[in-house]
Structures are given as structure tokens and as C-alpha cells.
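When you line the sequence shown up against my numbering, it's residues 27 to 454, in that order. Since the structure comes first, as C-alpha cells, the remarks are kept for the end.
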Amino acid sequence: MPRDLVRSAFITPKLKKQKITGSRSVLHLDMDAFFAQVEQTTNPALRGKPIAVVGNKKRTVIVTSSYEARKHGVKTGMTMGEGTRACPDLIFVPGNNRKYIDTSVKIINVLKNFSPVVEVFSIDEAFVDITGSLRLFGGKEAIGNSIKKRIKEELNLTCSIGIAPNKLIAKLASDMEKPDGLVIVNDKDIPGLLEELPIEEICGIGKKTGKKLRTLGIETLGELGRYPASILKKKFGIIGERLHYMGLGIDESPVVPMGDENPAKSIGHSMTFPTDVDDREDINRYLLLLSGKVGRRARRHGCLGHTVSLYVRFSDFTGIGKRHTVENPVNLDNDIYSVASKILDTLEVDKPVRLLGVSIANLIYNGKQFPLFKNERRDFLLTDAMDNVKDIFGEDAVTYATVTEWPSEAGVISPAWRPNGPRRVDPK
Ligand code: TTP
Ligand code: MG
């Protein structure tokens with residue numbers, strides 16, 4: 027195929043800003059037991075064994091487990107005690123976010139060889155629009171198999187792939203023959219596939235929506251597709267129509283390649299402490315650490331926030347949150363900290379604190395601007411110098427004197443993780 031023709035076939039529907047017509051081929055890739063598999067490939071002693079990846083904190087839960095452990099009933103979210111009860115030989119491995127992020131980036135690079143339209147969905151999942159690549163690579167099955175082969179050869183990892191006319195069904199398909207699966211669903215197979223499938227199996231119908239649908243007597247996707255769309259709209263508002271289409275297996279949403287996503291609406295960071303904290307000074311130290319994490323991400327992406335929010339969860343799992351909007355948007359650690367700290371002053375903190383979360387919203391993206399006034403410049407220059415040191419020597423290279431420890435958060439990566447962009451999780 028001439029080069030320019032290949033390129034024009036790769037113009038995404040989103041970029042063309044036109045309604046998607048005609049049949050598409052969307053591939054969804056989901057790594058098998060991702061963190062656990064990475065640990066097993068990097069440490070041969072763990073291969074073939076039941077392992078569970080956990081965070082480094084004291085109060086940690088199982089983030090994922092190898093398929094050998096799953097056979098014994100080990101599940102994500104279990105405590106270490108529950109894991110050992112289910113599988114006495116279970117080996118616990120502390121997670122290492124840096125490793126998973128590096129691997130994820132390598133996987134995305136493999137995918138980019140098959141189409142430039144790659145949407146990173148989470149640390150171990152991606153959608154690829156392969157409509158324009160089918161002829162070049164010999165069809166859907168050939169592309170699926172080639173991707174699996176390359177990931178196996180280059181990274182020694184297995185994945186599961188689903189290929190379908192849209193993202194909704196592709197995601198469903200990748201889960202159908204896990205691990206190491208390749209499932210291709212064509213238009214004509216969709217009604218049969220959805221007929222008996224419980225509604226919660228589809229991505230987008232969570233526990234809450236599922237419960238509400240069940241009260242209407244809708245249990246399967248087939249039933250959802252036949253249910254009058256007008257009633258769904260009345261009961262669920264805007265998403266009612268989307269639910270109706272989900273039941274029919276229709277999804278026109280495009281695969282949005284990296285760099286084309288909507289900019290983040292907020293940037294936040296939260297953490298559960300190793301032990302509950304009730305000393306205000308300790309709370310302040312954590313508040314400064316969290317403000318620093320948020321500020322660093324915001325500055326990296328040239329944005330500032332007009333609104334600062336603070337969330338406090340207490341030892342008894344009750345929580346309280348409050349936001350404050352400031353006239354001049356902030357992204358310096360100290361500025362975020364001082365607003366968050368003022369919010370904290372207005373909250374009734376009468377129980378030990380289990381978790382704190384700080385975020386900024388109402389974002390404006392205007393890059394790095396040198397402050398006009400002298401008193402603002404000191405903080406700006408100090409923060410900039412710290413950023414430069416961190417860029418070269420790593421995130422832990424420099425911090426505030428009041429803050430010398432940062433409990434490790436290895437093991438859990440936000441579902442919003444993307445290789446680029448402000449929602450990126452900063453590796454330890
Ligand atoms: P998943 O794709 O949900 O799970 P998985 O890859 O471990 O297993 P499967 O074969 O069923 O796809 O999540 C991907 C990784 O994300 C997982 O290895 C660990 C991490 N993760 C979290 O950090 N927190 C969570 O709550 C979940 C579910 C996963
Ligand atoms: Mg996975």
C-alpha cells in the first residue's frame with residue numbers, strides 16, 4: 027500500500043470530528059495478573075508459585091495475585107490474613123510501581139507498532155483502533171497473535187486480547203478467555219453473546235446502577251436491550267440512553283489516542299497512614315507532603331487550581347470533606363498547603379485520622395509564569411529549584427525539613443494512571 031494511503035487510513039474518527047460510520051475493528055488488551063506476572067518474570071524463584079502483590083504499608087491489602095494463587099480463592103482486596111487462610115503457601119511480594127510503569131510503557135510501545143490510535147485505559151489495559159491496519163498486517167487474528175507474540179518475546183508476559191466492532195464489546199471479549207486469550211467477536215455474534223450475560227459484566231454498569239436496573243426486573247444485557255429506552259431515560263437521565271445502547275452492544279465512542287484526551291479537571295493525592303494520626307503537627311506534615319505531591323504534578327503540566335479541597339477520613343471510617351476557592355490560582359506546595367491547612371482549621375477533627383486527601387480543581391493551563399511581586403518570587407524560585415533537583419535525582423532527593431519520611435505507596439496505581447498527563451502517578 028502506498029505510504030500516504032497508509033497514513034490517511036490512520037486518521038482517527040475523533041480528529042476528523044465526524045460521526046463514526048461503517049464497521050470498525052477495536053482491539054482491547056488486558057495483561058494477565060499484571061503486577062504478579064511482572065514479579066514472576068523478574069524473579070524466577072516466584073514462577074509457577076502462588077504469589078500475592080501487596081503494598082509496602084503496614085495496613086495493606088492484596089492488590090493482585092498470580093493465577094496459581096487465584097485457584098485457591100485468593101482475591102484482590104483480601105487482607106494478608108485472609109489470603110493466607112485461603113492459600114497457606116501464599117508468598118507475599120511488596121509491589122514496585124516503578125517496574126510496572128516501565129513495563130506498561132514498553133507494552134504501549136509494542137501496540138503503537140500496529141496502529142497509532144492507542145488509548146491507554148489503565149496501567150495494564152489499552153484500546154487500539156486497528157480498522158486501518160487490518161490489510162497491512164493480515165487481519166484481526168493475525169494482529170492479535172502478533173501483539174501477543176511480541177509481548178511474550180520482548181517482555182516474557184502473557185496478555186488477553188479481545189477484538190470487536192467497538193470498545194464496549196472488545197473489553198468484554200478480552201475477559202472471556204483469560205489468561206492468554208484471544209477472542210474475536212463479530213457484529214453477528216453480539217446479540218447471542220449479550221442475551222444471557224448478567225448486566226454487571228459490561229464495563230460501565232457498576233454495583234449501584236446494576237442494583238437499580240435489577241429493581242426494574244432487568245437482569246441480563248439481553249433484557250436491558252429490549253427494555254423501553256424512554257423509561258430508562260426517565261429513570262437514569264442522560265445515561266439511560268447509553269444503558270439502552272449497552273444492552274444492544276452498541277458503542278460509538280472512538281478510541282482516543284494519547285495526547286488527545288480532555289485535560290484533567292482536577293489533580294489530587296491521598297494517602298492512608300501506616301497508623302492513625304491524632305497529633306496536629308503530624309497531620310500538618312502529611313498535609314505538606316500531599317500538597318507537595320499535588321503541586322509537583324500541577325507544575326509539571328503547567329496548570330494552577332482555583333479550588334483546593336481537603337478530605338479527612340477518620341479511624342472509624344467516617345469522613346468529611348470541604349473545598350475552598352481562592353482568587354489567585356495556586357500550584358506551589360506552600361500555597362496549596364496554606365489553603366488546605368486553613369480548611370482543616372474549620373473542620374472538627376475529634377478522632378484519629380486514617381486518611382488525608384488534597385486536591386486542586388477549577389484548573390487553568392497557562393504554563394510557568396514568573397511572579398510579578400517580590401514576596402511571591404522567593405517561594406516560586408525555591409519550588410523551582412526543588413523541582414529541578416527532583417527532575418535530575420528523583421522524587422526523594424529533596425524535601426522539607428519537617429518532612430523526612432514518606433510511607434511507601436508501592437503496589438497500588440490509580441486506575442486513572444496514564445503514561446503522560448497530570449493524572450500520572452509519580453513513581454517512588
Ligand atoms: P486488573 O487488570 O484488574 O487485574 P490483573 O491484571 O491483576 O488480573 P487479570 O488477569 O484479571 O486482568 O488490574 C491490573 C493491575 O492493577 C493489577 O495487576 C494490580 C493493579 N490494581 C490495583 O493497583 N488496585 C486494584 O484495585 C486493582 C483491581 C488492580
Ligand atoms: Mg489485567
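The beta-carbon is built from N, C-alpha and C at its ideal position, and this holds for glycine as well. Bear in mind that the values here come from a model prediction, so they are computed numbers and not experimental data.
Asked	Found
Are I177 and C185 close, meaning C-beta to C-beta below 7 Å?	yes
So P289 and V144 are in contact, right, with Cβ under 8 Å, and what is the actual spacing, rounded?	Rounded, the Cβ-Cβ distance is 19 Å, inconsistent with contact.
If you measure from the CB of M57, is any heavy atom of the ligand MG nearer than 6 Å?	yes
Classify K5 as helix, strand or coil using the three-state DSSP reduction.	In the structure as shown, the chain starts at 27 and stops at 454, and residue 5 therefore has no counterpart that could be examined.
Which whole-angstrom value is the C-beta distance of R325 and N357, which I expect to be below 8 Å?	5 Å
Quick check on the burial criterion: 16 or more other C-beta atoms within 10 angstroms. Buried or exposed for R252?	exposed
If you follow the alpha helix (DSSP H) that I133 is part of, which residue opens it and which one closes it?	N123 to K138
So what's R444 in DSSP terms, helix, strand or just coil?	coil
Which complete alpha helix (DSSP H) runs does the stretch 212-288 hold, if anything under 4 residues is left out?	216-221, 233-241, 247-252, 255-262 and 264-274
Let me know if D56 comes out buried or exposed under the rule of 16 or more other beta-carbons within 10 Å of its beta-carbon.	buried
Please go through the same chain and pick out, in chain order, the residues whose beta-carbon is closer than 6 Å to the beta-carbon of G236, but skip the five residues on each side of it.	I225 and E226
Sort out for me which residues DSSP pairs E151 with in a bridge.	D56 and S148
Return the residue from the list K291, I173, I264 and R124 that minimises the CA-CA distance to A387.	K291
V87 and T105: beta carbons closer than 7 Å?	yes
With 16 as the cutoff for other CB atoms within 10 Å, does K193 come out buried or exposed?	buried
Have a look at K97 and K138 and give me their C-alpha separation to the nearest angstrom.	34 Å
Please check the pair L183 and T67, which I expect to be a contact at CB under 8 Å, by giving their CB distance rounded to whole angstroms.	6 Å
Please tell me whether, using a cut-off of 6 Å, the distance from the CB of D150 to the nearest non-hydrogen atom of the ligand TTP is below it.	yes
On the DSSP letters alone, give me the boundaries of the alpha helix (DSSP H) that A112 sits inside.	M106 to A112
To the nearest angstrom, report how far apart I390 and G294 are at their CA atoms.	15 Å
I'd like to confirm the pairing. Which residues does DSSP put opposite R339 in its beta bridges?	G345 and L381
Hey, how far is the Cα of V429 from the Cα of E307?	11 Å
State the DSSP-derived secondary structure class of N401, mapped to helix, strand or coil.	helix
Identify, in the order they occur along the chain, each residue of the same chain with its Cβ nearer than 8 Å to the Cβ of T409, setting aside the five sequence neighbours on each side.	G321, R325, L358, D359 and N360
Quick check: the Cα distance between S317 and G103, rounded to an integer number of angstroms?	28 Å
To which residues of the same chain is Q63 closer than 8 Å at the C-beta, ignoring the five residues directly before and after it?	M57, S92, L183 and T184
Taking 6 Å as the line, does the beta carbon of V209 fall inside it for any heavy atom of the ligand TTP?	no
Tell whether a beta-carbon distance below 7 Å holds between V79 and T90.	yes
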